[in-house]
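Under this note's numbering, the very last position in the sequence shown is 261; numbers go up by exactly one each time.
Structure first, commentary second.
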Amino acid sequence: MDGTDGLTDLFDDPTYSDVTIKYGGHEVRAHKAIVCTRLEYFEKLCGRSSKFKEANESTIELFDDDPEAVRALLLCLYDRRYDEGRHVNRQHHDIDFNARVYLLASKYGCQRLQDRIEQCLSWTEEFDHSTATALAEILTAMARVFDSGLDNHNGLGETLLRRCNNICYQADGRDSIQMDSATRKPLLDFLSVRPELTTHFLPGLAKAKELEDVKLFQCPGCAKVSSDKEVACDGETLECKQPPTTVTYFRVNNTHVADQ
Numbered sequence: 002m003d004g005t006d007g008l009t010d011l012f013d014d015p016t017y018s019d020v021t022i023k024y025g026g027h028e029v030r031a032h033k034a035i036v037c038t039r040l041e042y043f044e045k046l047c048g049r050s051s052k053f054k055e056a057n058e059s060t061i062e063l064f065d066d067d068p069e070a071v072r073a074l075l076l077c078l079y080d081r082r083y084d085e086g087r088h089v090n091r092q093h094h095d096i097d098f099n100a101r102v103y104l105l106a107s108k109y110g111c112q113r114l115q116d117r118i119e120q121c122l123s124w125t126e127e128f129d130h131s132t133a134t135a136l137a138e139i140l141t142a143m144a145r146v147f148d149s150g151l152d153n154h155n156g157l158g159e160t161l162l163r164r165c166n167n168i169c170y171q172a173d174g175r176d177s178i179q180m181d182s183a184t185r186k187p188l189l190d191f192l193s194v195r196p197e198l199t200t201h202f203l204p205g206l207a208k209a210k211e212l213e214d215v216k217l218f219q220c221p222g223c224a225k226v227s228s229d230k231e232v233a234c235d236g237e238t239l240e241c242k243q244p245p246t247t248v249t250y251f252r253v254n255n256t257h258v259a260d261q
């Protein structure tokens, strides 16, 4: 066996299986000695001292749960990669998939899987980039987590908030968020139904649609912004020597949010 203790090779192995876990049109041949000792839910459901009917049966049904998340949970119980079979790399992990798995892990009390997901998303955080697609993906996952009733200010909720801010806030320290209209709309829509989260972003951001636009000028090299088109950038790159581009900002309180 390839696994350090043979555990990984037993996943969906019928040789010594004594229970079949069915979910969403799929099934995995499992082992009570493994799933019951690794997850309290299964211990209570089909362990030796369980009073549920599953204790005397060879089938467990989890039909009400997300099939992909169930498979990820079972893979984790066998010390395999929970995202096994999915296309992932160092730069990107499917954030919505991770959110769905995290919620199921929370439901069944699998802290080990929750920790792995938080770690995974922290590893890829440095690769976040400012695009409408990236932000929309994070907002979809945030909606799942913050609407689930979990303790939203710990774990995955905090990780997703931080990643969202990484995309929105400019790196140069200004009190502003730079985004185009395609990026701005999903963020404002998200906050409009969750106003309690507005304080985690720029103050007054939820009201930004009502506020005025401001024309500013941005260096094509270093992205420095000025209200004066004639003010030259002091950057050293060739791009910094080029004429500034016009940027439309929408004003939020005493800050600006770019709408390019």
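Virtual Cβ for every residue (Gly too), placed ideally from N, Cα, C.
Computed from a predicted model, the values in this text were never measured in an experiment.
Between residue 20 and residue 60 a beta carbon distance of about 7 Å is seen, short of the 8 Å cut, so the two are scored as contacting. In the structure shown, the three-state DSSP call for residue 119 is helix. Considering only 13, 135 and 15, the residue with the shortest C-alpha distance to residue 167 is 135.
Two segments are said to touch when three or more pairs of C-beta atoms, one from each, lie closer than 8 Å; by this definition the stretch 57-72 touches the stretch 24-41.
Under DSSP, residue 30 takes part in a beta bridge, and its partners are 21. Its Cα nearest to that of residue 50, the residue 33 stands out among 164, 137 and 33. Check the Cα spacing between residue 8 and each of 23, 43, 122 and 39: the tightest is with 39. The beta carbons of residue 118 and residue 164 sit no closer together than 9 Å. Between residue 161 and residue 139, the CB-CB gap stays under 9 Å.
Taking all protein chains shown into account, residue 239 has fewer than 16 neighbouring C-beta atoms within 10 Å of its C-beta and is therefore exposed. A straight-line Cα-Cα distance of about 24 Å links residue 83 and residue 148. In this structure, residue 157 keeps its C-beta atom at 9 Å or more from the C-beta atom of residue 112. Measuring C-alpha to C-alpha distances from residue 107 to each of 42, 221, 124 and 244 identifies 42 as the nearest. By the neighbour-count criterion, in which a residue is buried when 16 or more other Cβ atoms sit within 10 angstroms of its Cβ, residue 87 is exposed.
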